[in-house]
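Since the structure comes first, as structure tokens, the remarks are kept for the end.
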Amino acid sequence: NLIVKVQMQKAINCSDCIVYISEASKKSFNSKFKINTREVVIYNGIENKFFKNQKERNEKNNTINIIFIGRLVKVKGVNLLIDAFEKTSRIIENITLTIVGDGVERENLEEQVKKIDIADKVNFAGRQNNIIEWLDKSDIFVYPSIWEEGFGISVVEAMSRGCIPITFNRGALSEIIDNGNSGFIVNDVNSNSLAEKIQFLCNYEDKKDIMKNAKENSKKYTIENTINYLENEYYNLMK
């Protein structure tokens, strides 16, 4: 929208500092606007409650629980996750998929699940307030967004509870996840590649190490860090 772009450029021109929530968002703005002012990246932070009362996972549980949390809209790619899950369920029997969230695509996604006959393994939980409880019951967090994510707060929340994240290589998601160490990045945006990575992780022997790394990595994204970095920038501007 030309009008929005013109107004945004005016806002940029009269700014003393621009704060981005990721390197990806910084790159996006620099590709669209002329910027001649200070730029800083300050990542979003998650609430302290995600780091409290963390439980050890039961390694004797034979079922692998996969979860998605987010809006049920096309750009989130949940249809690709469902296809990937169906492919995986043909090979690995002891898996379930929980979809937490709501949106305009929910009815279509539920119909997709029925059509490919996996309704007995997929739970549409709708909107939930107790996200931590749902994460603590899950092993793998799949975030199959197909658009350029500015950050990925739900990915960090999942990592903080020891869920291993799998995402497509979109936007800032590769900044959050250390591929192969604290989670996995899928470069090709399609259900086959996603299914391959889910199957790989389901059969991966050292899940506990990746869960531990995911928890540790998430500590960089505390709300305290966000506030401290912002305060420091405000202080520098007032000097």
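Convert by adding 10 to the 1-based position in the sequence shown; the result is the number in our numbering.
C-beta atoms are modelled at their ideal positions from N, C-alpha and C, and glycine is treated no differently.
Note that this is a predicted model, so its numbers are computed, not measured.
Pair within 7 Å by beta-carbon distance, E115 and V83 = yes
message = Which of the three DSSP states is assigned to R137 in this structure?
response = Here R137 sits in coil by DSSP.
inquiry  = Suppose the cutoff is 8 Å on Cβ atoms and the five residues either side in sequence are ignored; what does the same chain contact list for Y30 look like?
reply    = K36, F39, E49, V50, V51, I52
ask   = In terms of residues, what are the limits of the beta strand (DSSP E) holding C27?
value = Residues 27 to 30.
task = For the beta strand (DSSP E) containing L107, list its first residue and its last residue.
result = 105 to 110
query = Taking the continuous beta strand (DSSP E) assigned at I74, which residues delimit it?
reply = 74 to 79
ask   = Which same chain residues, not among the five before or five after I45, have their C-beta less than 8 Å away from its C-beta?
value = I22, I28, F39
query = How about the stretch 130 to 140 and the stretch 174 to 183: do they share at least three Cβ pairs that are nearer than 8 Å?
reply = No, because fewer than three Cβ pairs between the stretch 130 to 140 and the stretch 174 to 183 fall closer than 8 Å, the two stretches do not touch.
request  = Give the single residue among S25, D26, K42, V123 whose Cα lies nearest to the Cα of V14.
outcome  = K42
key: Whole runs of the alpha helix (DSSP H) within the stretch 136 to 209, excluding any shorter than 4 residues   = 141 to 146, 163 to 170, 183 to 186
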